[in-house]
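Numbering (full-length UniProt numbering), first residue to last: 1 to 267. We put the CB at the ideal spot given by N, CA and C, even for glycine. See below for the structure under consideration.
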Amino acid sequence: MGREDRSVESLVKAKAVLSVLQERGVASIKDIAARVGEPVSSTYRLLSSLMALGWVEKAAKRGEYRLGVDCIRIGGRIERRLDIQHIARQCFRAHREQTGVWGLYVLRQFRAVCIEARAYEQVESYAQMVGTFLPLGMGAAARVLGAFLPEHTYERLLDYQMGAAGLGELSSAFRLETISDAAQVRRVGFAYDVGRTTAGALSVAAPVFNHAGDAVAAVSLGGLPRTLERRLCEGDLPEEVSLVMRVSREVSAELGYIGDEEASDGE
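Following this line, the structure appears as structure tokens:
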């Protein structure tokens with residue numbers, strides 16, 4: 001094996017080690033060696049090299065390692081360069097022949113806020129969507145963003161929102177129903193609403209994940225026929241829903257999310 005081949009092989013091994021630490025957070029040398037398929041001695045030498053670069057550092061517990069500050073700093077710089085609005089805009093333009101209004105929503109405090117919108121060229125009012133918001137748990141995009149929050153965070157936000165809304169005796173039933181709905185959204189990978197996002201029409205939303213697997217936004221397609229609701233209630237997966245899920249995966253991929261590329265829509 002030539003020097004160039006050995007260098008490439010070393011880089012592949014280093015990437016495997018960093019991937020394990022990114023996934024596990026903290027891991028022992030034996031665990032890392034088992035995950036990358038290398039002897040402990042070789043893994044130790046590789047970790048020593050990565051520590052010298054500042055990409056790996058020793059964890060608090062003896063014999064365990066974690067990503068180093070320099071590696072995290074580089075990752076942060078790369079992530080800041082990824083403009084999710086620009087990425088979504090490009091994806092929306094690629095599907096502009098689809099009738100309806102595309103929207104990109106992010107979570108701000110207790111609301112899903114629209115930060116980007118594009119529409120079928122005959123629709124002229126889509127720009128008015130930017131800046132509009134949906135309360136947590138209400139509307140397709142808000143339901144998606146809430147569903148993929150850490151469970152304890154979602155429940156805390158729900159408690160706060162219900163208290164602020166003064167739901168009183170209805171709060172317990174509403175809370176249980178909303179948490180159950182979130183579980184369903186996570187299972188199928190999308191949410192829809194009728195009339196909440198777009199008056200008199202059906203809207204569908206799916207999550208956008210970043211490189212770390214966190215749901216950072218939701219892609220929404222509104223202005224769809226209300227007749228789709230019957231098909232969804234019957235367990236059918238209309239083409240429009242599959243398209244929204246596909247576009248959300250496209251945006252996620254541009255953000256560095258790998259996920260399960262072979263998973264089919266709705267699974």
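| query | How would you label ILE258, buried or exposed, when you count the other beta carbons within 10 angstroms and need 16 or more for buried? | reply | So ILE258 counts as exposed.
| query | For SER203, is the classification buried or exposed, using 16 other Cβ atoms within 10 angstroms of its Cβ as the cut-off for buried? | reply | By the 10 Å Cβ count, SER203 comes out buried.
| query | Which value, in whole angstroms, describes the spacing of the CA atoms of ILE105 and GLU116? | reply | It should be pointed out that residue 105 corresponds to Tyr in this sequence rather than to Ile. Using only the alpha carbons, I get a separation of about 7 Å.
| Expected contact under 8 Å - CB spacing of GLY100 and LEU18 to nearest Å | At roughly 41 Å, the Cβ-Cβ gap does not stay under 8 Å, so GLY100 and LEU18 are not in contact.
| field | Cα-Cα separation between ALA14 and SER41, rounded to whole angstroms | value | Approximately 14 Å between the Cα atoms of the pair.
| task | Measuring alpha carbon to alpha carbon, tell me which of ARG108, LEU149 and ALA59 ends up nearest ALA183. | result | Closest option to ALA183, Cα to Cα, is LEU149.
| Closest to LEU224 by CA distance: which of TYR44, GLU38, GLU234 and THR197 is it? | Looking at TYR44, GLU38, GLU234 and THR197, the one whose alpha-carbon comes closest to that of LEU224 is THR197.
| Once you ignore the five residues that flank CYS114 on each side, which residues in its own chain have a CB closer than 6 Å to its CB? | Hits under 6 Å: GLY103, TYR105, MET129, VAL130 and THR132.
| query | Would you say LEU145 and LEU176 are within 8 Å of each other, going by their C-beta atoms? | reply | Not in contact: LEU145 and LEU176 (Cβ atoms no closer than 8 Å).
| Apart from the five residues just before and just after GLU57, which ones in its own chain have a Cβ nearer than 8 Å to its Cβ? | Close CB contacts of GLU57 within its chain, under the 8 Å cut and outside five residues either way in sequence, are with MET51, TYR65, ARG66, LEU67, GLY68 and VAL69 (chain order).
| Which residue from ALA253, CYS233 and THR153 puts its Cα closest to that of ALA212? | Measuring C-alpha to C-alpha distances from ALA212 to each of ALA253, CYS233 and THR153 identifies ALA253 as the nearest.
| query | Does the distance from the C-beta atom of CYS71 to that of VAL251 stay below 8 Å? | reply | CYS71 is not a Cβ neighbour of VAL251, given a cutoff of 8 Å.
| Local Cβ density within 10 Å of GLY137, reported as buried at 16 or more and exposed below that | By the 10 Å Cβ count, GLY137 comes out buried.
| Within this structure, are the beta carbons of ALA112 and ALA147 separated by less than 8 Å? | Their beta carbons are not under 8 Å apart, which means ALA112 does not touch ALA147 by this criterion.
| query | Using DSSP with H/G/I as helix, E/B as strand and the rest coil, what is PHE133? | reply | Assignment of PHE133 by DSSP, reduced to helix, strand and coil, places it in the strand class.
| For SER248, the three-state DSSP class (helix, strand or coil) | Correct three-state label for SER248: helix.
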